[in-house]
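In this note's numbering, the protein residues as written are 1385 to 1635. The beta-carbon is built from N, C-alpha and C at its ideal position, and this holds for glycine as well.
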Amino acid sequence: SMMRSHFTTVAGKTILPKLSQLNSPQYNLVLASGSPRRKELLGLLGLKHFEVLVSDFAEDLDKKAFPNPADYCLLTAQKKVEAIIASASQLASAPPNTVVIGADTIVVVDGVVLEKPADDQQAKMMMMMLSGNTHMVHTAVTLYTNALSPGRIQHYASFIETSSVTFADLTEEDMVAYIASGEGRDKAGGYGIQGLGGQLVRGISGCYFNVMGLPVHALSGRLAALLRDAEDKASEREREKDEGKAGRGEL
1385 SMMRSHFTTV
1395 AGKTILPKLS
1405 QLNSPQYNLV
1415 LASGSPRRKE
1425 LLGLLGLKHF
1435 EVLVSDFAED
1445 LDKKAFPNPA
1455 DYCLLTAQKK
1465 VEAIIASASQ
1475 LASAPPNTVV
1485 IGADTIVVVD
1495 GVVLEKPADD
1505 QQAKMMMMML
1515 SGNTHMVHTA
1525 VTLYTNALSP
1535 GRIQHYASFI
1545 ETSSVTFADL
1555 TEEDMVAYIA
1565 SGEGRDKAGG
1575 YGIQGLGGQL
1585 VRGISGCYFN
1595 VMGLPVHALS
1605 GRLAALLRDA
1615 EDKASERERE
1625 KDEGKAGRGE
1635 L
């Protein structure tokens, strides 16, 4: 009993204690993103079985309508998930304990939102803005689930994680060579921190994985909270059922 006293029985702040549950058929996990990085990061969380569904949302919200770029990012993440819930036949009759994870990542430098570069010329402009400068990377994450309300998949929680990234002073040669590699074409801000682009980065503050596309710790914490809430709801329903039976003299 001496050994045990170091640990309280408070539920985990991460999904580590719940991985076997999450990887069992009891849960149906959906990643609402075609990003290979996000897929890899869910794997790093220890999640083995999840379906990838890609949204047909055009990502065409008017940035000017959002005084704060992070709000734009959050709404884009939500719209991506809602588009999938509306269109995916897999979710029309989703099994219980379905959890849908959506995300959107943007880069903001000097108040300007950078998304994926349209072409190499735009990539070059982005590189010039980032060079020798510190920028913000916002990743908005949104969770939808039917684990709390049997039947419909509903919004559970959304949050934004921000990291700041400082680029080295780059020469024209560095920029041209990086752009020619093609690595940054499908990435917000036109670079990938986990690839060749890592050499451009002098330092970061905040969650590294967030820069890749999912804030691993924050997401783990929110998923852990969702599981706790779902368990509480389930035992509440059991209790109500028993009370109903007791009321009718069935117990």
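Decide if the segment 1501-1519 is in contact with the segment 1432-1439; the criterion is three or more beta carbon pairs, one per stretch, under 8 angstroms apart. no
Environment of serine 1533 [buried if 16+ CB atoms lie within 10 Å]: exposed
Could you pull out every residue in the same chain whose Cβ sits closer than 8 angstroms to the Cβ of isoleucine 1461, ignoring the five residues on either side in sequence? What sits at residue 1461 in the sequence shown is alanine, not isoleucine. These residues qualify, in order along the chain: Gly1486, Ala1487, Asp1488, Ala1524, Val1525, Thr1526, Ser1542.
Leaving out five residues on either side along the sequence, give the residues of the same chain with a beta carbon under 8 angstroms from the beta carbon of cysteine 1591. Glu1545, Ser1547, Pro1599, Val1600, His1601, Ala1602
According to DSSP, is glutamate 1634 part of a helix, a strand, or is it coil? coil
Contacts around lysine 1402, its chain only, beta-carbon distance under 6 angstroms, and the 5 residues preceding and following it disregarded: Leu1611
Here's the rule I'm using: 16 or more other beta-carbon atoms within 10 Å means buried, otherwise exposed. How should serine 1449 be labelled? It is alanine, not serine, that sits at residue 1449 in the sequence shown. Exposed.
Kindly indicate which residue of Thr1555, Asn1412, Asp1440 has the alpha-carbon position closest to the one of glycine 1418. Asp1440
Which same chain residues, not among the five before or five after alanine 1614, have their C-beta less than 8 angstroms away from its C-beta? Asn1481, Thr1529, Ala1531, Leu1532
Using CA atoms only, rank isn't needed, just tell me which of Phe1551, Thr1518, Arg1606, Tyr1562 is closest to threonine 1398. Arg1606
So, with DSSP's three-state summary, where would you put phenylalanine 1593? helix
Quick check: what's the CA-CA separation for lysine 1625 versus glutamine 1405? 24 angstroms
Outcome for glycine 1573 when other beta-carbon atoms lying within 10 angstroms are tallied against a minimum of 16: buried
Keeping to the same chain, check which residues put their C-beta closer than 7 angstroms to that of lysine 1423; ignore five residues upstream and five downstream. Leu1415, Val1436
Residue from Arg1536, Arg1586, Val1496, Ala1609 with nearest C-alpha to proline 1479: Arg1536
Should leucine 1428 go down as buried or exposed, given a rule of 16 or more other Cβ atoms within 10 Å for buried? exposed
Please state the DSSP three-state secondary structure of serine 1547. strand
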